[in-house]
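Here the structure is laid out as structure tokens; the discussion comes afterwards.
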Amino acid sequence: MSFSRITGLAASTIHTDTSGLREGQVQMPTFDGTIPAYYAAPADVPAPPVVLVIQEIFGLHEHIRDVCRRYAQAGYLAVAVELYQRQGDAGQYTDTAALIRDIVAKVPDEQVLADLDASADWAATQGGDITRLGVTGFCWGGRLTWMYAAHSDRCKAGVAWYGKLATGHGPLQSRHPVDVAAQLRAPVLGLYGGKDSSIPLEDVRRMEAALAEGGPIAQQSRLVVYPKSGHAFYADYRPSYVAQDAQDAWAKCLAWFDQYLV
Numbered sequence: 001m002s003f004s005r006i007t008g009l010a011a012s013t014i015h016t017d018t019s020g021l022r023e024g025q026v027q028m029p030t031f032d033g034t035i036p037a038y039y040a041a042p043a044d045v046p047a048p049p050v051v052l053v054i055q056e057i058f059g060l061h062e063h064i065r066d067v068c069r070r071y072a073q074a075g076y077l078a079v080a081v082e083l084y085q086r087q088g089d090a091g092q093y094t095d096t097a098a099l100i101r102d103i104v105a106k107v108p109d110e111q112v113l114a115d116l117d118a119s120a121d122w123a124a125t126q127g128g129d130i131t132r133l134g135v136t137g138f139c140w141g142g143r144l145t146w147m148y149a150a151h152s153d154r155c156k157a158g159v160a161w162y163g164k165l166a167t168g169h170g171p172l173q174s175r176h177p178v179d180v181a182a183q184l185r186a187p188v189l190g191l192y193g194g195k196d197s198s199i200p201l202e203d204v205r206r207m208e209a210a211l212a213e214g215g216p217i218a219q220q221s222r223l224v225v226y227p228k229s230g231h232a233f234y235a236d237y238r239p240s241y242v243a244q245d246a247q248d249a250w251a252k253c254l255a256w257f258d259q260y261l262v
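In full-length UniProt numbering, the protein residues as written are 1 to 262.
See below:
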């Protein structure tokens, strides 16, 4: 189901104030041209730390833009890129299986990682301090948060929200967080639902074991499981939203970034 079909139906949907922010849509340069992006930053904070926000499976929609504003209100320059731009428009789909088949499965990790690197470069041109660079993502983007933390030597911390750990969304994704746990270049906080049928607790335990067997950075990472929540418990525009766990996870997320980026 697309975001456009379900947004506005949930009374829990959060709308973050833009007062005190600079924000908007941009065409961001990347390795093969430009792609749409959204950013938000505090208007009066010089050289804020940067958080790259990776979309969930439905693309760069209003919930992800609002998350950027939440980070901006917390003192970060946040930027999110339309990472499906070359493959198609996720907003045109009402069937998740078709969306995965037609678009998501055709998005290679290498393309995403390059676009995220370009996002960091762009943030630096907007006054962001990329010596204090973090990454976060939800669902599809949660998996890529782990992958980016293993890829980038500039990333200082990550927060992965219910991202797959041992599988992906298509044949182009041949490696997964459990495969790169020992190669992390930045510590990652993983936030997971104990009732998430798409990410079994066995995968969480496998990831914990892989992190424990890694080096010092891997061992700084940790996973938090909310026993009563399922997948997408932070998505306030969806029926899956669990307010108490979402609020607790958000507080842990900000504390994690404050520890490593501020």
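No residue lacks a Cβ here, since even glycine has one placed at the ideal position from N, Cα and C.
Among P177, A150, K164 and V204, nearest to L184 - alpha-carbon criterion: A150
According to DSSP, residues forming a beta bridge with P29: T34
Uninterrupted alpha helix (DSSP H) stretches inside the region 32-92 (no shorter than 4 residues): 62-73
Backbone CA spacing between L116 and G163 [nearest angstrom]: 17 Å
Alpha carbon of S174 to alpha carbon of D44, nearest angstrom: 43 Å
Bounding residues of the alpha helix (DSSP H) (the contiguous stretch that carries F257): A243 to L261
Straight-line gap, T30 to S119 (C-alpha atoms, nearest Å): 8 Å
Exposed unless 16 or more other CB atoms sit within 10 angstroms - verdict on E82: buried
Segment contact flag, the region 120-127 with the region 85-105, C-beta cutoff 8 Å, min 3 pairs: no
Assigned secondary structure, I100 (DSSP; H/G/I helix, E/B strand, else coil): helix
For A123, the first and last residue of its enclosing alpha helix (DSSP H): D109 to T125
Among W256, Y241 and A186, the one whose alpha carbon lies nearest that of Q219: A186
Same chain only: Cβ atoms within 6 Å of V159, ignoring 5 sequence neighbours per side: T136, L189, C253 and W256
W140 - partner residues in DSSP beta bridges: Answer is none; W140 lacks a bridge partner.
DSSP three-state assignment for residue 309, whether helix, strand or coil: A query on residue 309 cannot be resolved here, the shown segment of the chain reaching from 1 to 262 and no further.
Chain-order list of residues whose beta-carbon lies under 8 Å from that of P49 (same chain, five-residue window excluded): G75, Y76, L77, G128, D129, R132, L133, G134, F257, L261 and V262
CA-to-CA distance, I103 to R86, given in whole angstroms: 9 Å
Same chain only: Cβ atoms within 6 Å of G170, ignoring 5 sequence neighbours per side: A105
Residues bridged to A157 [DSSP beta-bridge criterion]: G134
Same chain, Cβ closer than 8 Å to M207, neighbours up to 5 away in sequence not counted: L165, A166, P177, V178, A181, G190 and L223
Coarse secondary structure for E23, derived from DSSP in three states: strand
C155 to V225 span [Cα, whole Å]: 24 Å
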